[in-house]
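Numbering (my numbering), first residue to last: 28 to 201.
No residue lacks a Cβ here, since even glycine has one placed at the ideal position from N, Cα and C.
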């Protein structure tokens, strides 16, 4: 079943720190359903539900789900996420699971994306402050914080512990 999405919402898991690849692996790993009833034949059986990316946009927005729901409410997760400057989405697509090799996705879409923006959130679930890092077409990175804009090194971007949204663009588009 195909379902369109606007952004890719990824759970951070329960480890103290994680990587974007681990989050994508959890998103696309199979989930066993013990009593599934087939809509076509009506037969009940065990099956595996698996989410895969079917078609990829030119710009990909990845939301890191930084909240955990408890019996007593919810809380924000401060776990650092190691995200790459580039990401190959082929392993998380229908193509990748079928063993196909290549650099193109469905409908001719490249599968390698390059980071161009990171939106950060500091604070709690109820209140906080947003800042962002954005990559200029020259390759320089800038940090935006209210009325302040400052040129920063890539190390600042990679070391941020408060990433909330990751913005990637097809590598050939930059």
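Task: Member of 33, 108, 176 whose CA lies at the smallest distance from the CA of residue 42 - done: That would be 108, whose Cα lies nearest to the Cα of residue 42.
Task: Length of the line joining the Cα atoms of residue 78 and residue 162 - done: Answer to the nearest angstrom: the Cα atoms are 30 Å apart.
TODO: Pick helix, strand or coil for residue 141, following the three-state DSSP scheme.
DONE: Looking at residue 141 - three-state DSSP - the assignment turns out to be strand.
Task: Beta-carbon proximity of residue 80 to residue 143, cut-off 8 Å - done: No.
Open item on the list: I need the straight-line Cα distance from residue 168 to residue 174, nearest angstrom please.
Closed with: If I take the Cα positions, the gap works out to 16 Å.
Open item on the list: Considering only the alpha carbon of each residue, which of 151, 115, 53 lies closest to residue 196?
Closed with: For residue 196, the closest C-alpha among the options 151, 115, 53 is that of 115.
Task: Neighbourhood of residue 201 by C-beta distance below 6 Å, restricted to the same chain and skipping five residues each side - done: A caution first: residue 201 carries a pLDDT of 44, below 50, which makes its placement in the model unreliable, though a value can still be read off. If we look at residue 201 and ignore the five residues flanking it on each side, its Cβ neighbours are 141.
- [ ] Report buried or exposed for residue 134, applying the criterion of at least 16 other Cβ atoms within 10 angstroms of its Cβ.
- [x] For residue 134, the pLDDT reaches just 49, beneath the cut-off of 50, and the residue's location in the model is therefore unreliable, although a value from the coordinates is still provided. Exposed: under 16 other Cβ atoms inside 10 Å.
Task: Local conformation of residue 121 per DSSP, three classes - done: In the structure shown, residue 121 sits in a helix (DSSP, three-state: H, G or I).
Open item on the list: Can you give me the C-alpha to C-alpha distance between residue 160 and residue 121, rounded to a whole angstrom?
Closed with: When rounded, the distance between both Cα atoms is 32 Å.
Open item on the list: At the level of alpha carbons, what is the spacing between residue 166 and residue 55?
Closed with: For residue 166 and residue 55, the distance between alpha carbons rounds to 32 Å.
Open item on the list: Within a Cβ cutoff of 6 Å, which residues of the same chain sit near residue 36, ignoring the five residues on either side of it in sequence?
Closed with: Only 90, 92 meet the Cβ criterion.
Task: residue 98, DSSP secondary structure in three states - done: In the three-state scheme derived from DSSP, where H, G and I count as helix and E and B as strand, residue 98 is classed as coil.
Open item on the list: Measuring alpha carbon to alpha carbon, tell me which residue in 111, 75, 64 is nearest residue 58.
Closed with: Sorting 111, 75, 64 by C-alpha distance to the C-alpha of residue 58 places 75 at the top.
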